[in-house]
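Per the working numbering, residue 161 is the first one in the sequence shown, and the count goes up by one each step. Note that beta-carbon positions come from the ideal geometry of N, C-alpha and C, so glycine has one too. These numbers were taken from a predicted model, which means no experiment stands behind them.
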Amino acid sequence: MPTTKRDTILSAVTGAVADRLSQRKTLSPVPESVRIDGKTCLVTGANSGLGKAVAVDLARRGGRVLMACRGGHPDAAEEVKRLSGSDAVAMLKVDLADLGSVQALCDRLESDVERLDIVVLNAGVMPRTGRRSAQGYELMFAVHFLANRLLINRLLSDGTIRPDSRSGRVPRIVLVASEAHRSAGPIDFDHFGAFTDYGLRDGLKHYGMSKLHLCTYAQELSRRLNPGGEVRVAVTSLCPGAVNSNLAREAPVLLKPLLHPIMRLFFAAPEKAAAPVTYACCADGLERRSGVYLHLMQEKGPSALAMDEGAGARLWDESAALLARHVKGGEADGSGPMPHQRTGDA
Ligand SMILES: NC(=O)c1ccc[n+]([C@@H]2O[C@H](COP(=O)([O-])OP(=O)(O)OC[C@H]3O[C@@H](n4cnc5c(N)ncnc54)[C@H](OP(=O)(O)O)[C@@H]3O)[C@@H](O)[C@H]2O)c1
161 MPTTKRDTIL SAVTGAVADR LSQRKTLSPV PESVRIDGKT CLVTGANSGL GKAVAVDLAR
221 RGGRVLMACR GGHPDAAEEV KRLSGSDAVA MLKVDLADLG SVQALCDRLE SDVERLDIVV
281 LNAGVMPRTG RRSAQGYELM FAVHFLANRL LINRLLSDGT IRPDSRSGRV PRIVLVASEA
341 HRSAGPIDFD HFGAFTDYGL RDGLKHYGMS KLHLCTYAQE LSRRLNPGGE VRVAVTSLCP
401 GAVNSNLARE APVLLKPLLH PIMRLFFAAP EKAAAPVTYA CCADGLERRS GVYLHLMQEK
461 GPSALAMDEG AGARLWDESA ALLARHVKGG EADGSGPMPH QRTGDA
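Written as structure tokens, this is what we have:
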């Protein structure tokens, strides 16, 4: 993978600072008075940073919030309850680096949850060096893309995410990507899913590539779910801008004394950075649009590579083939664009 100007640590930090300083809001934040009572929301990676802030915000607005997190965070749900003043918060365990764990989460959601109205695919990771997921894939490819591909496919085919034309309920799927997707070259379908080792220097390149997979998937998902322009499921992808979170936890020890003050000073607090996510989840009118990409509070297109319909279709097929190796029963073949309909829905 060739290096571009946006995929070194220094350029990523300066780019993030520049984004923050030049931030011009064109969309109005969703007022606190906007409620989502009666809606059930799933947020991945909700124990930390942006995901936790989103969980608090959705719970405060009256949503029932399911926090899908790795083990080891027993206090996080209690904290979200305390900060939001809502008891309608529950913790579900999932390791997105393990497709078996994603399947187990879907099984649980299928049996315990009537429907999901809002799904926020937020979990993210930035490993210091190349690392493998449980099934042997590069970790960011697995967590940012493959797990989400399986999760959404299962939720749609199980009917846990489903449109309801009688009530006009349009589910919303929100994918937290990154402007780093613009630094990636075309997806290498000849080596799709192949693990390549990398060191500290190349971590951001792989991060950008994994987010390009996610952005390309978001566009393809939106096209498949909403043929002919009628929005049945609203798919939004976004970059929250630079967030003062735990994402850089694996940064080199020598860099941390420099990085942490920069993050504190120039990166947005998760509660502020959550504004575009809240917008995607709650803004009035967005349920009638799909394929929208937000950068901070601005709407713009994702990269041309992410919009490429040929790449989107190939990504869909190649990832279905990968998942079929690991998922029994063909649930993950992803061929059916329309959600399964549970009894009682149009
Ligand atoms: N921070 C930024 O400047 C920035 C900029 C653009 C986009 N983003 C995106 O924003 C999203 C949220 O990141 P953040 O900045 O809030 O970072 P964060 O504080 O590190 O939060 C990341 C969350 O993802 C979870 N996660 C990681 N690997 C997982 C796995 N295998 N299974 C389940 N959960 C997993 C983490 O859980 P653990 O705590 O258990 O590890 C954590 O809850 C990410 O998608 C990131 O790429 C961030």
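At least one heavy atom of ligand 1 lies less than 7 Å from the C-beta of Ser-405.
Per the coordinates, the alpha-carbon of Leu-265 lies some 15 Å from the alpha-carbon of Ala-283.
Classified as exposed, Gly-470 has fewer than 16 neighbouring CB atoms from the shown chains inside 10 Å of its CB. A straight line joining the alpha-carbon of Asp-247 with that of Ile-321 spans about 23 Å. If you draw a straight line from the Cα of Arg-230 to the Cα of Lys-253, it is about 5 Å long.
Put simply, the backbone Cα of Leu-202 is about 7 Å away from that of Ala-228. When the five nearest sequence neighbours on each side are left out, the beta carbons in the same chain lying within less than 7 Å of the beta carbon of Asp-197 are those of Gly-222, in order along the chain. An exposed status is given to Glu-274, since fewer than 16 other beta-carbon atoms sit within 10 Å of its beta-carbon.
Distance from the CA of Arg-242 to the CA of Thr-356, rounded to the nearest whole angstrom, comes to 43 Å. Val-487 is positioned such that its CB atom lies closer than 8 Å to that of Gln-263. Burial state of Leu-414 is exposed, judged by a 10 Å Cβ sphere holding fewer than 16 other Cβ atoms. Assignment of beta-bridge partners to Tyr-453 by DSSP yields Ser-397. Two segments are said to touch when three or more pairs of C-beta atoms, one from each, lie closer than 8 Å; by this definition the stretch 392-408 touches the stretch 440-452. The alpha carbon of Phe-305 has as its nearest neighbour, out of Ala-429, Pro-323 and Gly-368, the alpha carbon of Gly-368. Asp-272 and Val-279 have their alpha carbons spaced roughly 16 Å apart. No Cβ-Cβ contact shorter than 8 Å links Leu-425 with Pro-436.
DSSP, reduced to helix, strand and coil, places Lys-253 within a strand of the structure shown.
Not a single heavy atom of ligand 1 lies less than 7 Å from the C-beta of Phe-352. Classified as exposed, Lys-460 has fewer than 16 neighbouring CB atoms from the shown chains inside 10 Å of its CB. Where Val-216 is concerned, the enclosing alpha helix (DSSP H) starts and stops at 209-220. Proximity of the beta carbon of Leu-210 to ligand 1 is indicated: a heavy atom of the ligand is located closer than 7 Å.
In the three-state reduction of the DSSP assignment, Ala-428 falls in the strand class, which pools E and B. Here DSSP, grouped into helix, strand and coil, assigns Val-285 to coil.
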